[in-house]
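Note sheet for the following structure.
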Amino acid sequence: MRPTPFFLADLASRVPLFEARDRFLARIRAFFRRRRFLEVDAPLLVPAAGMEPHLDPFVARGWETGRTAFLPTSPEFYLKKLLAAGVRRCFSLAPSFRDETPSRSHSPEFLMLEWYRAGGTLPDLIRDASALLCHLGGDLPGGKIHRSGETPVDLCGGIEVMTLGEAFERHAGGDFRRIGSVEGWRDAARARGASVGDDWTANDCFSYLMIAEVEPALRAYARPVALVGYPAFQAALASLDAADPGLSRRFELFVGGVEIANAYEELTDGAELRRRFAAYQEERRASGKDPHPEDGQFVEAVDRLGPCAGIALGADRLLALLLGETVPRIRHGAPG
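Here the sequence shown stands for residues 11 to 346, numbered as in the numbering used here.
See below:
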């Protein structure tokens, strides 16, 4: 008998994971259908893949036509176009692609769960996410994620909501809202051990403090944590807080210190979107990256949006947490 090739043996070893994945996706669909959300298949060849400086897409080129398109970094642009067209509630389980180094918690090809509510708010999305986590984690012993040496996380105990300023106060040396300049951000990062260069931006310092200080501290929390109120320079496609324009209407959701979701009360001003787009592309050029092309239809759609809210959740990352596995192993066909 010929020996079994490694790739076949590896796939065979993961069949139970794929069966668990099948049940997981079915439960997600059942959750949203009960709430009368429209499921949408977002396109996989798009004219623009994103706008944020850190998002690096894959480029696809047709052999016959020579046409160039992008693989989407998320279904966000398309789903917001649907909101502008009058859809009230929608969700998508969308293959998404980002040119990043694979790791235990990331694959360059991954499944993104996004859902949107016309007229929705951040509290609406927190309630959705809380119910979804309990729905998906209900089969776990006690409804909890257990990881070796880590605090168990109760998926049915609700989400702990904390301002990001409070999280910085507790875990990163002080409330970031008191930092008024780039040099202030550099000082804050240096105080927590960063080797800060003269080219570090406020974004660089913020990211360092999140990764080095805040996120590790969230591993000790016994419930999922939503950090609400990111600085305006981290707004991306979120609206700004009317009561405090230095903050954006954005939260990130963490389970056991792992970021699984990012949510906005959405920007609905096309002129502001163009301003942010231009600034983000200048940031990409400054770091030696090609700028993202602009999706003119998306800009027009944003300018026609009413108040709405949406959230992007890493489905693979959440499933890996539920199963105690890595993201590459629970991906269909991904190398082990």
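C-beta atoms are modelled at their ideal positions from N, C-alpha and C, and glycine is treated no differently.
Tell me the residue span of the alpha helix (DSSP H) that contains residue i.
{"i": "R108", "result": "Taken as a continuous stretch (DSSP letters only), R108 belongs to no alpha helix (DSSP H), as it is neither H nor E."}
{"i": "I136", "result": "132-147"}
{"i": "F287", "result": "280-296"}
{"i": "E176", "result": "174-181"}
{"i": "G194", "result": "192-201"}
{"i": "C215", "result": "212-219"}
{"i": "P26", "result": "25-44"}
{"i": "I340", "result": "337-340"}
{"i": "E160", "result": "Here E160 belongs to no alpha helix (DSSP H), and DSSP marks it neither H nor E."}
{"i": "P86", "result": "Looking at the sequence provided, one finds Glu at residue 86 rather than Pro. E86 -> alpha helix (DSSP H) spans 86-94."}
What are the boundary residues of the beta strand (DSSP E) that residue i is part of?
{"i": "R127", "result": "119-128"}
{"i": "Y274", "result": "268-275"}
{"i": "S258", "result": "254-265"}
{"i": "G306", "result": "Note, G306: premise wrong, no beta strand (DSSP E); alpha helix (DSSP H) at 306-313."}
{"i": "F80", "result": "78-80"}
{"i": "R71", "result": "69-71"}
{"i": "L323", "result": "318-324"}
{"i": "A236", "result": "235-241"}
Taking a contact to mean a Cβ-Cβ separation below 8 Å, would you say residue i touches residue j in this structure?
{"i": "L146", "j": "R37", "result": "yes"}
{"i": "R39", "j": "E49", "result": "yes"}
{"i": "L65", "j": "T83", "result": "yes"}
{"i": "T161", "j": "A52", "result": "no"}
{"i": "V309", "j": "R286", "result": "no"}
{"i": "R339", "j": "R46", "result": "no"}
{"i": "G152", "j": "C144", "result": "no"}
{"i": "L315", "j": "I270", "result": "no"}
{"i": "N272", "j": "F243", "result": "no"}
Among the options, which residue has its Cα nearest to the Cα of residue i?
{"i": "G167", "options": "R196, F28, I136", "result": "I136"}
{"i": "E86", "options": "D305, I340, T336", "result": "D305"}
{"i": "R202", "options": "D313, G190, E179, S191", "result": "E179"}
{"i": "E124", "options": "E74, S191, F42, D185", "result": "F42"}
{"i": "E293", "options": "D20, L21, M61, L35", "result": "M61"}
{"i": "S106", "options": "A95, A139, R127, P67", "result": "P67"}
Pull up the CB-CB distance for residue i and residue j, whole angstroms please, since I reckon it's below 8 Å.
{"i": "I155", "j": "L27", "result": "Actually they do not touch by this definition, with Cβ atoms about 16 Å apart."}
{"i": "A248", "j": "L277", "result": "6 Å"}
{"i": "A58", "j": "H302", "result": "6 Å"}
{"i": "R187", "j": "G256", "result": "7 Å"}
Kindly confirm or deny that the stretch 262-272 and the stretch 230-238 touch, where touching means at least three C-beta pairs closer than 8 Å.
-> yes
Are the stretch 112-131 and the stretch 318-333 touching by the rule of at least three beta carbon pairs closer than 8 Å?
-> yes
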